[in-house]
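Each residue of the sequence shown is one higher than the one before, counting from 1 in UniProt numbering.
Positions of the beta carbon are idealized from the N, C-alpha and C atoms, including for glycine.
The structure appears right after this line, and notes come after that.
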Amino acid sequence: MTSASSALRPTPRAGALEIEAYVPGKSKAPAGVKLHKLSSNETPLGPSPSAIEAYRAAAGHLEVYPDGSATVLREAIARAHGLDPARIVCGAGSDELLSLLAYAYLEPGDEGLFCEHGFLVYRIAILAAGGVPVAAPETNLTTDVDALLARVTPKTRIVYLANPNNPTGTYLPFDEVKRLHAGLPGNALLVLDAAYAEYVRANDYAAGIELVSGAGNVVMTRTFSKVFGLASLRIGWLYGPEAVVDVLNRVRGPFNLSGPAIAAGAAAVADRGHIDRAVEHNARWLPEIASAVRALGLEVTPSVANFVLIHFPATPGRTAAEADAFLTARGIILRAVGAYGLPNALRMTVGSDEANAATLEALKAFMERSDG
Ligand SMILES: *Cc1c(COP(=O)(O)O)cnc(C)c1O
């Protein structure tokens, strides 16, 4: 080998090295302590028993390639939501779809827009695709449509909106989503990430199906990782205009969902009763957690999702970092959200009755302790 060739090395896109790798929620407790993992917005109810059964049945033919079109899954989703299956694309989690959209619609230097405390995957997807991430400020930890529209430039090609947003738990009423869409140029793709849609019980909320149906530049992404309890299987889907669906079907991996994922997802989406129970459990706990935490003197951002953002004071002995350490030592794992620009907050997923009660008790002990 010549010295010239050995001096060469593979160079990634510039944006790749600007990415701070996504750090998932912690999942370990100290030895001997019962673990309550409330750091990744997983459901305490687990998946539908029929999904587990379908998964087990699929284990009988793992040597066969899956259906690259995920037909039974798309048809089951279409039935549940009254959609055309031809306008649905499935992904290995909605994360895959969020990334594929950036790869497909951003040329190097194009801008991707999202909110200040928006889901971290957007920034990663935009940078990985060679785009320029642009963050718009929020108002009261809520999407600010005017702030987003003020940052639209001729280079804006994609706008990501998590509704409800993670990690804030706040949402944008559908009228506001429509106002955002109306203010975007036709060549900017609006991505409505409705990962928590099933949990929302607000009359002025909509996941976005109506907007997708009537526009050429809106897509809605959904996931099986949250209310369906199938995070480990990696299943997401997107409903979009025919042209966008066609592009995604060209750029995606030909077998991007595994056979067991397709089978389990199709079974899960048909089990309406299981979803209702999960939503019911969440609706019961959400106000209870918020009021119990507020009673301790801590601020809670109003949430419509399956988690709450708890704000801690800067007072030594009572900070978010100290609360995190205190809770972790007791086996309670919340999510630190410093990477989202929220260093004084922790995000708590609504867990089982036992996990929620243990967390509220531990938070009380933390706020009442005299040492700092
Ligand atoms: C959890 C979550 C997702 C889901 O990601 P998957 O890849 O489908 O597991 C998408 N968007 C937001 C905002 C989320 O919080």
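Contact under 9 Å by Cβ, residue i with residue j
i: Thr71; j: Ala278; result: no
i: Ile158; j: Asp110; result: yes
i: Val304; j: Met348; result: no
i: Ala162; j: Ala129; result: no
i: Trp237; j: Leu97; result: yes
i: Tyr55; j: Ala264; result: yes
i: Asn203; j: Cys90; result: no
i: Gly208; j: Phe174; result: yes
i: Ile333; j: Ser39; result: yes
i: Leu127; j: Ile19; result: yes
i: Ser94; j: Thr223; result: yes
i: Arg330; j: Ala358; result: yes
i: Thr221; j: Leu184; result: no
i: Leu120; j: Leu148; result: no
i: Val212; j: Glu176; result: no
i: Ala182; j: Tyr160; result: no
C-alpha distance - residue i paired with residue j, whole-angstrom precision
i: His117; j: Arg9; result: 36 Å
i: Arg252; j: Leu100; result: 7 Å
i: Ala59; j: Gly338; result: 40 Å
i: Ala266; j: Val350; result: 25 Å
i: Asn165; j: Gly216; result: 24 Å
i: Ala323; j: Arg87; result: 46 Å
i: Glu75; j: Pro343; result: 43 Å
i: Pro287; j: Thr142; result: 19 Å
i: Lys37; j: Gly186; result: 42 Å
i: Gly297; j: Ala290; result: 11 Å
i: Ala135; j: Tyr205; result: 23 Å
i: Val300; j: Arg294; result: 7 Å
i: Gly317; j: Phe326; result: 10 Å
i: Pro133; j: Ser370; result: 44 Å
i: Arg79; j: Ala270; result: 9 Å
i: His61; j: Ala268; result: 20 Å
i: Gly240; j: Gly273; result: 27 Å
i: Ser50; j: Ala57; result: 10 Å
i: Thr328; j: Lys26; result: 9 Å
i: residue 388; j: Phe228; result: Any question about residue 388 goes unanswered here, given that the chain covers just 1 to 372.
i: Leu248; j: Ala92; result: 13 Å
i: Arg284; j: Ala197; result: 17 Å
i: Ala31; j: Pro302; result: 34 Å
i: Arg151; j: Ala188; result: 12 Å
i: Leu346; j: Ala243; result: 40 Å
i: Ala292; j: Ala321; result: 20 Å
i: Thr319; j: Ala21; result: 25 Å
i: Ala195; j: Arg201; result: 14 Å
i: Leu172; j: Glu63; result: 45 Å
i: Glu368; j: Glu361; result: 11 Å
i: Asp276; j: Leu17; result: 43 Å
i: Ala29; j: Pro108; result: 43 Å
i: Glu210; j: Thr315; result: 47 Å
i: Phe312; j: Leu363; result: 11 Å
i: Leu73; j: Gly15; result: 34 Å
i: Asn306; j: Arg123; result: 23 Å
Per-residue burial, residue i [other beta carbons within 10 Å of its own, 16 or more giving buried]
i: residue 375; result: Any answer about residue 375 is impossible in this case: the structure gives the chain only from 1 up to 372.
i: Tyr199; result: buried
i: Ser48; result: buried
i: Arg234; result: buried
i: Asn41; result: buried
i: Gly131; result: buried
i: Gly68; result: exposed
i: Thr153; result: exposed
i: Pro12; result: exposed
i: Lys34; result: exposed
i: Val191; result: buried
i: Ala365; result: exposed
i: Thr139; result: exposed
i: Thr168; result: buried
i: residue 438; result: No information on residue 438 is available, as it lies outside the stretch 1 to 372 that the chain covers here.
i: Ser232; result: exposed
i: Thr170; result: buried
i: Ser6; result: exposed
i: Arg250; result: exposed
Near ligand 3: residue i beta-carbon under 8 Å from a heavy atom
i: Ala51; result: Ligand 3 is absent from the structure shown, which contains only ligand 1.
CB contact below 9 Å: residue i versus chain D
i: Phe326; result: You won't find chain D in this structure, because it holds only one protein chain.
Minimum length 4: unbroken alpha helix (DSSP H) runs contained in the region 207 to 266: 209 to 214 and 242 to 251
Residues whose Cβ lies closer than 5 Å to any heavy atom of ligand 1, in chain order: Gly93, Ser94, Asp95, Phe119, Ala162, Asn166, Asp193, Ala195, Thr223, Ser225 and Gly236
Segments assigned alpha helix (DSSP H), at least 4 residues, entirely inside the region 126 to 173: 145 to 150
Contained alpha helix (DSSP H) runs [length at least 4] in the region 10 to 79, N- to C-terminal order: Within the region 10 to 79, complete alpha helix (DSSP H) segments of at least 4 residues are found at 49 to 58, given in chain order.
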